[in-house]
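Trainee:
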Amino acid sequence: MTDSNPQSPDLHGTGARTQNNFLRDIIAEDVRTRKYGDAQIQTRFPPEPNGYLHIGHAKAICIDFGLADEFGGKTNLRFDDTNPEKEEQEYVDSIQKDVRWLGFQWERLCYASDYFPQLYEWALQLVKTGKAYVDDLSADEIRQHRGTLTEPGKDSPYRTRSIEENLDLFIRMKQGDFPDGSRVLRAKIDMASPNINMRDPVMYRILHASHQRTGDQWCIYPMYDYAHGQSDSIERVTHSMCTLEFADHQPLYRWYIEQLGIFPTQQIEFDRLNITYTLLSKRKLLQLVSEKRVSAWDDPRMPTLCGLRRRGFTPEAIRAFCAAIGASRTNGSTDIEMLEHFQRDDLNRRASRAMAVLHPLKLVIDNYPADKAEFMEVANNPEDPSAGTRQVPFSRELYIEQDDFRELPPPKYYRLSPGKEVRLRNAYFITAQSVVKDSAGNIVEVHCTYDPASRGGNSPDGRKVKSTMHWVSAAHAISAEIRLYDKLFLKPDPSDVEEGQDVLSNLNPNSVEILTGAKLEPSLANARPGDRFQFERVGYFCLDPDSTPANLVFNRTLPLKDSWAKEAGRQQKGSK
RNA sequence: UGGGCGAUCGUCUAAUGGUAGGACAAUGCCCUUUGGAGGCAUUUGUCCAGGUUCGAAUCCUGGUCGCCCAGCCA
């Protein structure tokens, strides 16, 4: 951090420094010049309740809530519920839950539907001042009249209707005199505008649909473009942050606000979040769910907040990630490693350690008494002494990881092999002596001897070992189901598909692997759903809600970084 | 080929006419009772061409490339 690169303080207790960005600059300047007088900074997070929130929304939430908070302002949660055909209460509920889980509290809970009466009054006003008209053209005809990107549109034949007729027709639209799709209310702006959004945009459509909040009270519904800017204005939102694709709509929002003479909210657009190997489109995520390519919205492979939560991700890590990526107006794609880094960083500091053997291999200590068992004192988190210690049982027969033994060790393999001495973490030094194989030649047991003087993991003679391995006592171990998750998509850009294919063709067929024979240290029997652990030398895991005392289920949040895997990969590559 | 927006290490992002910096990733070394974590070091960048200026990532001109817009979706 240098003087020429000032950064904001650590705002959310995430430990991550927040990058300066142009949004903060704009707000800071508006505060400095007292653009809004004594009024506080007001922002809003405006989701449509038509799906579950994902990590892309987390970025927007952190911007909307974070920036307001930084300048002593407030943020409303507003549901942009103007399309009853796609919206559901289930989504309204999940969105509130996810925003809270992320760690934010809204000032007011609002709904665009709360403004339907006001919006209707304003529409009446625009009709009366000749700024809006009822169009009888069909959707198809309206499209044909709209022109193209390079050609201007043509006026609708109904554009010159009298104010009286427009008023009568619009009122009757609202009364339910007409069927769906028969007419719309349009703003009278400019069919030749180079900005297509200004070519007499539709304000209201007839929809005899029941709305999740207003029921059958309305049969005309405002378009998003007619509702959004005014909703911001009603809430006296000072800074309305949204994604880049809405930049073209700004002139329209301003037009409505000017015609109506209401509070002018300032809209500022920033770039949408993209992450490699990840799909961030509500429509496509809905497709994954409805076509059962994943188990549900909260499938741990989903980038939804509920999916990430179930996977074991923490709100602190997601906030730190969002702070680190900042915001700009550049289209790009953030490496998934960045997200994973902040999650590992958080869990490394906070997660309790435990020993778990995913692929068990029996280890027998020949010179350890068969009837003996002792308890080893083990640190719950070496990064955090205040996390305390626990007692872990040790006995003659243990399980170790299959990967931790090689009869013929490759170069730079430091783990157990015949004649080699290693340390069992927090226990003893052992030396491999022999193996037992089944009829197929598979190693089913490794026999070793231990050094009783090395209890706790150090030899009094100062002898060093190259490797430390985790273990669980066979007699005391508990079993669990382990779900190993990997990337849902094969390509960095999932939408990079062959002609005629869709994103589903890029689905990773091995995005989940279920292990049923894992052996865990007994303390893990007390875990509760949502509890997160680091299984030492393996990765971060989280107890799944599917878990029962009789069948524990752990989700792998992320594997630990594994420099041996990298070395082994290098060796394999080199030998080809 | 209309309009809008943009282009800085491999990736994300700072520098607002004055030393191109940080994070992720990568590489090497050190350390380690997790081949984890940590420490140190290193590599890589201003889209191109002109111009203005003592000085340009920043300002100007002209290109190039990318994204968004033709829902009665949001």
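Counting from 8, one number per residue, gives the positions in the first sequence under my numbering. Glycine is no exception: its CB is placed at the ideal position from the N, C-alpha and C atoms.
#1: Assign S486 to buried or exposed, taking buried as 16 or more other Cβ atoms, counted over all protein chains shown, within 10 Å of its Cβ.
#2: Helix, strand or coil for N600 per DSSP?
#3: Pick out whichever of K379, A460, A331 has its Cα sitting closest to the Cα of C69.
#4: Return the first residue and the last residue of the beta strand (DSSP E) that E384 is part of.
#5: How would you label A482, buried or exposed, when you count the other beta carbons within 10 angstroms and need 16 or more for buried?
#6: Per DSSP, what are the beta-bridge partners of S247 in this structure?
#7: Report buried or exposed for D207, applying the criterion of at least 16 other Cβ atoms within 10 angstroms of its Cβ.
#8: Return the chain-ordered list of same chain residues with a C-beta closer than 7 Å to the C-beta of W225, the five sequence neighbours on each side being excluded.
#9: Pick from A324, D197, E384, S340: whose alpha carbon is nearest that of D7?
#10: May I have the straight-line CA-CA distance separating D342 from T311, to the nearest angstrom?
#11: For a test of the three-state rule: what should DSSP assign to G222, helix, strand or coil?
#12: Return the first residue and the last residue of the beta strand (DSSP E) that S402 is part of.
#13: What residue range is occupied by the uninterrupted beta strand (DSSP E) comprising M180?
#14: Tell me whether F29 is buried or exposed, calling it buried when 16 or more other Cβ atoms sit within 10 Å of its Cβ.
#15: Please list, in chain order, all residues of the same chain as K568 whose beta carbon is under 7 Å from its beta carbon, the five residues on each side excluded.
#16: Could you give the uninterrupted runs of the beta strand (DSSP E) lying entirely in the segment 414-493, keeping only those of 3 residues or more?
#17: Start and end of the alpha helix (DSSP H) containing K289?
#18: Is the Cβ-Cβ distance between R356 and K379 less than 8 Å?
#19: G524 by DSSP, collapsed to three states: which one?
#20: Taking 6 Å as the limit between beta carbons, can you name the residues of its chain near P566, skipping five residues before and five after?
#21: Around the Cβ of L60, are there at least 16 other Cβ atoms within 10 angstroms (buried) or fewer (exposed)?
#22: Considering Y211, what are the terminal residues of the beta strand (DSSP E) in which it resides?
#23: In this structure, does DSSP put N27 in helix, strand or coil?
#24: Rounded to the nearest angstrom, what separates F111 and C117 at their Cα positions?
#25: Sort Q579, K66, N387, P53 by Cα distance to P322 and report the nearest one.
#26: In whole angstroms, what separates the C-alpha of D184 from that of F72?
#27: Of all the options P307, R290, N281, which has the alpha carbon lying nearest to the alpha carbon of M345?
#28: Should T82 be labelled buried (16 or more other beta-carbon atoms within 10 Å of its own) or exposed?
#29: Could you tell me which uninterrupted beta strand (DSSP E) segments, each at least 3 residues in length, are contained entirely in the segment 42-90, listed from first to last along the chain?
#30: With DSSP as the reference, please indicate the residues paired to P229 in a beta bridge.
#31: Can you give the beta carbon distance from D175 to I213, rounded, assuming they're within the 8 Å contact cut?
#32: In the structure shown, what three-state DSSP assignment does I282 receive?
#33: Are the segment 50-60 and the segment 240-258 touching by the rule of at least three beta carbon pairs closer than 8 Å?
#34: Enumerate in chain order the residues of its own chain whose CB-to-CB distance from D255 is below 7 Å, with the five nearest sequence positions on each side excluded.
#35: Just to check, is the beta-carbon of A557 closer than 7 Å to a non-hydrogen atom of the ligand NAD?
#36: Within this structure, are the beta carbons of R243 and D551 separated by less than 8 Å?
Mentor: So, from the listed chains and residues:
#1: Locating residue 486 in the first sequence gives position 479, where the first residue counts as 1. Its Cβ having fewer than 16 others within 10 Å, S486 is exposed.
#2: With the chain represented from 8 up to 583, any question about residue 600 goes unanswered, as that position is not in the structure.
#3: Start at 1 with the first residue of the first sequence, and residue 69 comes out as number 62. Of K379, A460, A331, the residue nearest in Cα terms is A331.
#4: For the purposes of this step, residue 384 is taken as residue 377 along the first sequence, with counting starting at 1. From DSSP, the beta strand (DSSP E) with E384 extends over 380-386.
#5: Position 475 of the first sequence, counted from the start, is the residue given in the question as residue 482. Label assigned to A482: exposed.
#6: Position 240 of the first sequence, counted from the first residue, corresponds to residue 247. DSSP output for S247 lists Q274 as bridge partner(s).
#7: As a first step, residue 207 is located in the first sequence; it is residue number 200 there, counting from the start. Per the 10 Å Cβ criterion, buried.
#8: For the purposes of this step, residue 225 is taken as residue 218 along the first sequence, with counting starting at 1. Contacts found: F123, H218.
#9: A question about residue 7 goes unanswered here, because the residues of the chain that appear run from 8 up to 583.
#10: In the first sequence, the residue the question calls residue 342 occupies position 335. In the first sequence, the residue the question calls residue 311 occupies position 304. Going from the Cα of D342 to the Cα of T311 covers about 17 Å.
#11: Translated into the one-based positions of the first sequence, residue 222 becomes position 215. DSSP places G222 in strand when its eight states are reduced to three.
#12: One-based indexing of the first sequence puts residue 402 at position 395. Segment 396-402, the beta strand (DSSP E) holding S402.
#13: Numbered from 1 along the first sequence, position 173 holds the residue referred to as residue 180. No beta strand (DSSP E) contains M180, which is instead part of the alpha helix (DSSP H) from 170-182.
#14: Within the first sequence, residue 29 is the residue found at index 22, counting from 1. Its Cβ having fewer than 16 others within 10 Å, F29 is exposed.
#15: In the first sequence, the residue the question calls residue 568 occupies position 561. If you ignore the 5 residues before and after K568, its C-beta comes within less than 7 Å of no other C-beta in its own chain.
#16: As far as the segment 414-493 is concerned, its whole beta strand (DSSP E) runs of at least 3 residues are 428-431, 436-444, 450-458, 485-492.
#17: The residue you call residue 289 lines up with position 282 of the first sequence. Run containing K289: 289-297, per the alpha helix (DSSP H) assignment.
#18: Indexing the first sequence from 1 puts residue 356 at position 349. Indexing the first sequence from 1 puts residue 379 at position 372. It is not a contact, given that the beta carbons lie outside the stated cut-off.
#19: One-based indexing of the first sequence puts residue 524 at position 517. Looking at G524 - three-state DSSP - the assignment turns out to be strand.
#20: Looking up residue 566 in the first sequence gives position 559. G546, listed in sequence order.
#21: As a working mapping, residue 60 is identified with position 53 in the first sequence. Per the 10 Å Cβ criterion, buried.
#22: Position 204 of the first sequence, counting from 1, holds the residue named residue 211. Segment 209-213, the beta strand (DSSP E) holding Y211.
#23: By 1-based counting over the first sequence, the position of residue 27 is 20. Looking at N27 - three-state DSSP - the assignment turns out to be coil, as it is neither helix nor strand.
#24: Reading the first sequence from its first residue, position 104 is the one you call residue 111. Reading the first sequence from its first residue, position 110 is the one you call residue 117. Approximately 15 Å, taken between the alpha carbons.
#25: Indexing the first sequence from 1 puts residue 322 at position 315. It is K66 whose Cα lies nearest to the Cα of P322.
#26: By one-based count along the first sequence, residue 184 stands at place 177. By one-based count along the first sequence, residue 72 stands at place 65. Roughly 43 Å between the two C-alpha positions.
#27: Within the first sequence, numbered from 1, the residue matching residue 345 stands at position 338. Of the candidates P307, R290, N281, the one whose C-alpha sits nearest the C-alpha of M345 is N281.
#28: Translated into positions along the first sequence, residue 82 becomes position 75. Under the 10 Å beta carbon count, T82 is surrounded by 16 or more other beta carbons and is classified as buried.
#29: Listed in chain order, they are 49-52, 81-86.
#30: Sequence index remark: in the first sequence, residue 229 carries index 222 (1-based). Per DSSP, Y211.
#31: As a working note, residue 175 is residue 168 in the first sequence. As a working note, residue 213 is residue 206 in the first sequence. 15 Å between Cβ atoms; not a contact.
#32: Stepping through the first sequence from its first residue, residue 282 is reached at position 275. In the structure shown, I282 sits in a strand (DSSP, three-state: E or B).
#33: Yes, the segment 50-60 touches the segment 240-258.
#34: Here residue 255 corresponds to residue number 248 of the first sequence, with the count starting at 1. Once the five neighbours on either side are set aside, the close Cβ partners of D255 are N202, N204.
#35: Because no ligand of any kind appears in the structure shown, any question about the ligand NAD cannot be addressed here.
#36: The count along the first sequence starts at 1 and reaches residue 243 at position 236. The count along the first sequence starts at 1 and reaches residue 551 at position 544. No, Cβ-Cβ distance for R243 and D551 is not below 8 Å.
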